[in-house]
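A.B. asks: Residue numbers (our numbering): 5 to 87. Beta carbons: idealized from backbone N, C-alpha and C, even for Gly. For clarity, every value in this text was computed on a predicted model and none was experimentally measured. Below is the structure I would like to discuss, written out as structure tokens.
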Amino acid sequence: MTMYATTERDGSAVTVVRASGDLVCLRCPLIPGRDVYSRFTAADIPTMLDHLDFHQILGQHVPPATFLRLRTEHADNFEKGPR
């Protein structure tokens, strides 16, 4: 599992991880119910970046390093070409 942002380490409003190939926003405040099972799952990086933009629009802190790391990973994947 890859960690992109955590509430404990980064002071982030969200926890973002890559699990089983998908990007997941755990305990996502944007998902109704807001319990331990509330999560947003994205199959690709651009979708997760859009999701994290919504968090910022609502004033929720997402560390700039999270965006940078996801964009860098996306650029690296793009340069590798189709799988």
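(1) What does DSSP give as the partner residue(s) for residue 21 in the beta ladder?
(2) Can you tell me which of 49, 22, 55, 48 puts its alpha carbon nearest to the alpha carbon of residue 35?
(3) Measure the alpha-carbon distance for residue 50 versus residue 15 and round it to whole angstroms.
(4) Answer with buried or exposed for residue 68, where buried requires no fewer than 16 other C-beta atoms within 10 angstroms of its C-beta.
(5) Within the same chain, show all residues whose beta-carbon is closer than 8 Å to that of residue 8, passing over the 5 residues directly before and after it, in chain order.
C.D. replies: Reading from the atomic positions:
(1) Working through the sequence shown from its first residue, we reach residue 21 at position 17. As DSSP reads the structure, residue 21 sits in a beta bridge with 7, 28.
(2) Looking up residue 35 in the sequence shown gives position 31. The option with the nearest alpha carbon to residue 35 is 55.
(3) Within the sequence shown, residue 50 is the residue found at index 46, counting from 1. Within the sequence shown, residue 15 is the residue found at index 11, counting from 1. Distance between residue 50 and residue 15, taken at the CA atoms: about 23 Å.
(4) One-based indexing of the sequence shown puts residue 68 at position 64. Label assigned to residue 68: exposed.
(5) For the purposes of this step, residue 8 is taken as the residue at position 4 of the sequence shown. Hits under 8 Å: 20, 21, 22, 27, 70, 73, 74.
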